[in-house]
Amino acid sequence: MKFTNTAIAICSFAILLSLPGCQTNSSKQLLQTSESQVKMRSIQTRAFDTTDKNKTLRTVIATLQDLGFVVDKADETLGSVSATKLDGYQLRMTVTVRPKGRQQLLVRANAQYNLTAVEDPEIYQDFFSALGKSMFLSAHSVE
Amino acid sequence: MITQKTYYAWCAAIIIVALAGCQTIPKDALKLKPESLQKRALQTRVYEGITETEILSASAGVMQDLGFNIDESETKLGVIVGSKERDATEAGQVAAAIVIALLGGGAMAIDKNQKLRLSLVVRPASEDNKQKHYVRVTFQRIVWNTQNQITKIEGLDQPEIYQEFFDRLSKAVFLEGYEI
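Quick mapping for you: the protein sequence lines, in order, are chains X and Y. Take the first sequence: its letter number 116 is residue 116 in my numbering, and every next letter is one higher. Take the second sequence: its letter number 68 is residue 68 in my numbering, and every next letter is one higher.
As structure tokens, then:
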């Protein structure tokens, strides 16, 4: 086979442009998610059989510290905790706690690894396993 | 005109460049590791005979003594977060850079500045005793070099820095913090 140099240049350019991650309008990142909202919510949320919001938030903070995070912000009224882990990479997480019905609390976590949102269910499962251990309660999946 | 071999070499190069953009989160990023228990012991002390508000105030004071600016606080959850920016130049790196420059190697980038963060969390240690608390402190930092690239992005684990922090806190509250 013989190819001209120009043909190679054009093909390479075309391939590079079509690669994922080559966005043309970066401000679209504001409202963009690559998985459906419903799917992400079920991956990122668990329910626990307790109504003690303050104690649950404190347990979330302790679990994040055990996982190597440094807490950035916490708000008891809002029920939110944000933390960052630096380990050759930057991993930021926010965990919110709010009531679900009269007997449970809903815990939702979302994470960002460097410049991408974390959408892998196993990562969130690891977090909820660690949290469940600290709380001595099981994490129930939420549809 | 280029040969078949060169064509395949180009294809391989393009694929490698494309894959380099596929950075994914390490699988064990949120797994509890065996050393997390040791880290917890390193980062925590128990203080008894003092209210949560008093120990939080004393901690804020120690942070200020160390030059930290308080960024965030939520007393209802016992959280205080502070940070400070400092010079990160290290003598060893400067010496190496000078040697390389003298050998004609050009200007080597060396660490320039760093942002250090401290997060302090107070938590009740017992349901009945309202005056017994776990105080846990965690440190992390980001270091930039003279070319504004990040060279270190890490948690800080040296036992000495934790010991020094708790020594200062113990002096501030006139109580000994004991290890868990």
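All C-beta atoms in this analysis are idealised placements derived from N, C-alpha and C, irrespective of residue type, glycine included. Note that the coordinates shown come from a computational prediction; the quantities given were computed from them, not determined experimentally.
Using only CA atoms, which one of the options lies nearest to residue i?
| i | options | result |
| --- | --- | --- |
| residue 88 (chain X) | Y:162, Y:168, Y:25 and Y:167 | Y:25 |
| residue 30 (chain X) | X:127, X:117, X:124 and X:134 | X:117 |
| residue 70 (chain X) | Y:43, Y:94, Y:60 and Y:65 | Y:43 |
| residue 110 (chain X) | X:84, X:76 and X:44 | X:44 |
| residue 117 (chain Y) | Y:99, Y:160 and Y:154 | Y:154 |
| residue 77 (chain X) | X:93, X:52 and X:121 | X:52 |
| residue 48 (chain X) | X:39, X:96 and X:123 | X:96 |
| residue 171 (chain Y) | Y:3, Y:113, Y:58 and Y:33 | Y:58 |
| residue 112 (chain X) | X:99, X:128, X:136 and X:83 | X:83 |
| residue 94 (chain Y) | Y:84, Y:107 and Y:165 | Y:107 |
| residue 131 (chain X) | X:101, X:66 and X:119 | X:66 |
| residue 108 (chain X) | X:42, X:26 and X:35 | X:42 |
| residue 151 (chain Y) | X:98, X:128 and X:86 | X:86 |
| residue 68 (chain Y) | Y:105, Y:115 and Y:127 | Y:115 |
| residue 143 (chain X) | X:8, X:6, X:28 and X:40 | X:40 |
| residue 166 (chain Y) | Y:149, Y:65, Y:28 and Y:4 | Y:65 |
| residue 84 (chain Y) | Y:5, Y:161, Y:35 and Y:142 | Y:142 |
| residue 93 (chain X) | X:106, X:105 and X:124 | X:124 |
| residue 57 (chain X) | X:91, X:99 and X:32 | X:99 |
| residue 129 (chain Y) | Y:35, Y:49, Y:3 and Y:29 | Y:49 |
| residue 29 (chain Y) | X:37, X:27, X:54 and X:126 | X:126 |
| residue 60 (chain X) | X:105, X:10, X:115 and X:8 | X:105 |
| residue 133 (chain X) | Y:113, Y:10, Y:32 and Y:40 | Y:32 |
When we look at the beta-carbon of residue i and count the other beta-carbons within 10 Å, is it buried (16 or more) or exposed?
| i | result |
| --- | --- |
| residue 72 (chain X) | buried |
| residue 13 (chain X) | exposed |
| residue 74 (chain X) | buried |
| residue 82 (chain Y) | buried |
| residue 63 (chain X) | buried |
| residue 81 (chain X) | buried |
| residue 96 (chain Y) | exposed |
| residue 136 (chain X) | exposed |
| residue 140 (chain Y) | buried |
| residue 86 (chain Y) | exposed |
| residue 102 (chain X) | exposed |
| residue 91 (chain Y) | exposed |
| residue 51 (chain Y) | exposed |
| residue 178 (chain Y) | exposed |
| residue 127 (chain Y) | exposed |
| residue 26 (chain X) | exposed |
| residue 176 (chain Y) | exposed |
So, with DSSP's three-state summary, where would you put residue i?
| i | result |
| --- | --- |
| residue 142 (chain X) | coil |
| residue 165 (chain Y) | helix |
| residue 52 (chain Y) | helix |
| residue 85 (chain Y) | strand |
| residue 202 (chain Y) | In the structure as shown, chain Y begins at 1 and stops at 180. Residue 202 (chain Y) is therefore absent and cannot be evaluated. |
| residue 31 (chain Y) | coil |
| residue 156 (chain Y) | coil |
| residue 6 (chain X) | helix |
| residue 114 (chain Y) | strand |
| residue 103 (chain Y) | coil |
| residue 25 (chain Y) | coil |
| residue 77 (chain Y) | helix |
| residue 174 (chain Y) | coil |
| residue 3 (chain Y) | coil |
| residue 54 (chain X) | helix |
| residue 132 (chain Y) | strand |
| residue 72 (chain Y) | strand |
| residue 90 (chain Y) | coil |
| residue 38 (chain Y) | helix |
| residue 127 (chain Y) | coil |
| residue 142 (chain Y) | strand |
For residue i, is the beta carbon positioned less than 7 Å from some heavy atom of the ligand ATP?
| i | result |
| --- | --- |
| residue 76 (chain X) | By its list of ligands, the structure shown contains no ligand whatsoever, and the ligand ATP lies outside what it can speak to. |
Meets three-Cβ-pair contact criterion under 8 Å: the segment 117-137 of chain Y and the segment 69-86 of chain Y
By the Cβ criterion, the segment 117-137 of chain Y is in contact with the segment 69-86 of chain Y, since at least three pairs of Cβ atoms, one from each stretch, lie closer than 8 Å.
Inside the segment 23-47 of chain X only - alpha helix (DSSP H) runs reaching at least 4 residues
You should have 37-44.
Hey, is the segment 44-59 of chain Y in contact with the segment 126-146 of chain Y, meaning 3+ C-beta pairs nearer than 8 Å?
yes
3 or more residues per run - each beta strand (DSSP E) lying fully within the segment 58-120 of chain X:
Note on the segment 58-120 of chain X: whole beta strand (DSSP E) runs with a minimum of 3 residues are 70-75, 80-86, 90-100 and 104-113, in chain order.
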